[in-house]
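See structure below.
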Amino acid sequence: MWIAAACGSALFAGLTAVLAKRGIKKTDPDLATALRTIVVLAFSWLMADVAGSLGSIGAISLRSWMFLVLSGLATGASWLCYFKALALGDINKVVPIDKSSTILTVLAAILIFGETSYLPVKLFCTALLAAGVFLMIEKNPGEPGGTRAGKGGWLAYALLSAIFAAATSILAKVGIAGVESNLGTAIRTSVVLVMAWAVAAGKGKLGLIKAVPKSELGFVVLSGLATGASWLCYYYAIQ
Numbered sequence: 092m093w094i095a096a097a098c099g100s101a102l103f104a105g106l107t108a109v110l111a112k113r114g115i116k117k118t119d120p121d122l123a124t125a126l127r128t129i130v131v132l133a134f135s136w137l138m139a140d141v142a143g144s145l146g147s148i149g150a151i152s153l154r155s156w157m158f159l160v161l162s163g164l165a166t167g168a169s170w171l172c173y174f175k176a177l178a179l180g181d182i183n184k185v186v187p188i189d190k191s192s193t194i195l196t197v198l199a200a201i202l203i204f205g206e207t208s209y210l211p212v213k214l215f216c217t218a219l220l221a222a223g224v225f226l227m228i229e230k231n232p233g234e235p236g237g238t239r240a241g242k243g244g245w246l247a248y249a250l251l252s253a254i255f256a257a258a259t260s261i262l263a264k265v266g267i268a269g270v271e272s273n274l275g276t277a278i279r280t281s282v283v284l285v286m287a288w289a290v291a292a293g294k295g296k297l298g299l300i301k302a303v304p305k306s307e308l309g310f311v312v313l314s315g316l317a318t319g320a321s322w323l324c325y326y327y328a329i330q
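Going by my numbering, the sequence shown runs without a break in its numbering and finishes at 330.
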């Protein structure tokens with residue numbers, strides 16, 4: 092069952108990237124992150140209610156709360172970097188680097204959780220993933236957009252997005268021990284919401300909300316729904 096959930100997470104994550112790219116052509120990426128988090132929050136708490144897990148929130152241990160909050164902070168940081176990278180670079184280069192968080196997560200799981208079963212196979216496949224990421228971001232000398240990609244700073248933001256995403260997975264794995272996955276997702280999303288809007292307010296971007304094109308707002312909302320679906324599948328799988 093976890094395999095189906097993980098595949099669903101990958102599918103919705105792919106949709107998130109495409110929809111998000113369409114939603115930030117003229118919209119500030121920090122503001123887009125804050126807006127779409129509202130959608131993810133509503134979606135995640137609704138699913139937690141449907142799953143009937145809201146009543147168990149009082150039984151969550153202090154340790155789980157701590158790791159869920161830290162996971163939410165890491166997620167918020169990853170999102171902010173990811174949307175900034177998408178705004179500056181090409182989606183077919185930003186996404187592979189962001190998804191290289193898989194490589195970091197596998198290595199961290201081996202070191203932290205001792206997940207060493209079939210270790211040679213894991214390391215070989217991880218090396219193949221790393222090679223694939225490198226090949227996808229390698230730029231041909233005459234490729235259009237090379238100047239923008241080289242000077243836009245998208246690579247640094249994409250790498251930071253991957254690092255924070257890997258931290259998210261490790262922290263969440265600890266945080267959702269004994270916590271229903273939908274409820275854990277909802278709690279983490281609440282932290283992301285506060286962080287995203289705090290960043291947007293701190294940068295003085297709240298006044299830009301009225302200038303967000305309605306067409307882009309629609310894609311931001313859809314990307315939020317795709318993200319919520321991806322998260323629910325993902326944390327069900329790792330639980």
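For glycine and all other residues, C-beta sits at the position ideal for the given N, C-alpha and C. For clarity, every value in this text was computed on a predicted model and none was experimentally measured.
Exercise. Spatial neighbours of A135 within its chain, please: CB distance less than 6 Å, with the 5 preceding and 5 following residues excluded, ordered by chain position.
Key: Residue identity differs from the one stated: residue 135 is Ser in this sequence, not Ala. Hits under 6 Å: T276, A277, T280, G319.
Self-check item: CB contact flag (L122, L251, <7 Å)
Solution: no
Exercise. Rank S321, L179, A97 by C-alpha distance to the C-alpha of W245 and give the top, closest one.
Key: L179
Quiz item: By how many angstroms is the C-alpha of A317 removed from the C-alpha of F103?
Solution: 5 Å
Self-check item: the segment 189-197 contacting the segment 131-150, beta-carbon criterion three pairs below 8 Å
Solution: no
Quiz item: Would you say the segment 251-265 touches the segment 159-175, given that touching needs at least three Cβ pairs under 8 Å?
Solution: The segment 251-265 vs the segment 159-175: in contact.
Exercise. To the nearest angstrom, report how far apart L106 and L195 are at their CA atoms.
Key: Distance between the alpha carbons of L106 and L195: 22 Å.
Quiz item: For the segment 203-211 against the segment 286-301, are there 3 or more C-beta pairs whose distance is under 8 Å?
Solution: no
Exercise. Might you give, ordered along the chain, the residues of its own chain that have their beta carbon closer than 8 Å to the beta carbon of P235, omitting 5 neighbours on each side?
Key: With a pLDDT of 47 at P235, under the threshold of 50, the modelled position of this residue cannot be trusted; read the value that follows with caution. Excluding sequence neighbours, P235 sits near nothing in its chain.
Quiz item: Quick one: is S152 buried, meaning 16 or more other Cβ sit within 10 Å of its Cβ, or exposed?
Solution: exposed
Quiz item: Using the rule of at least 16 other Cβ atoms within 10 Å of the residue's Cβ for burial, across every protein chain shown, is N183 buried or exposed?
Solution: exposed
Practice problem: Return the first residue and the last residue of the alpha helix (DSSP H) that T118 is part of. | Solution: Here T118 belongs to no alpha helix (DSSP H), and DSSP marks it neither H nor E.
Quiz item: Residue range of the alpha helix (DSSP H) that G315 falls in?
Solution: For G315, the enclosing alpha helix (DSSP H) starts and ends at 305-329.
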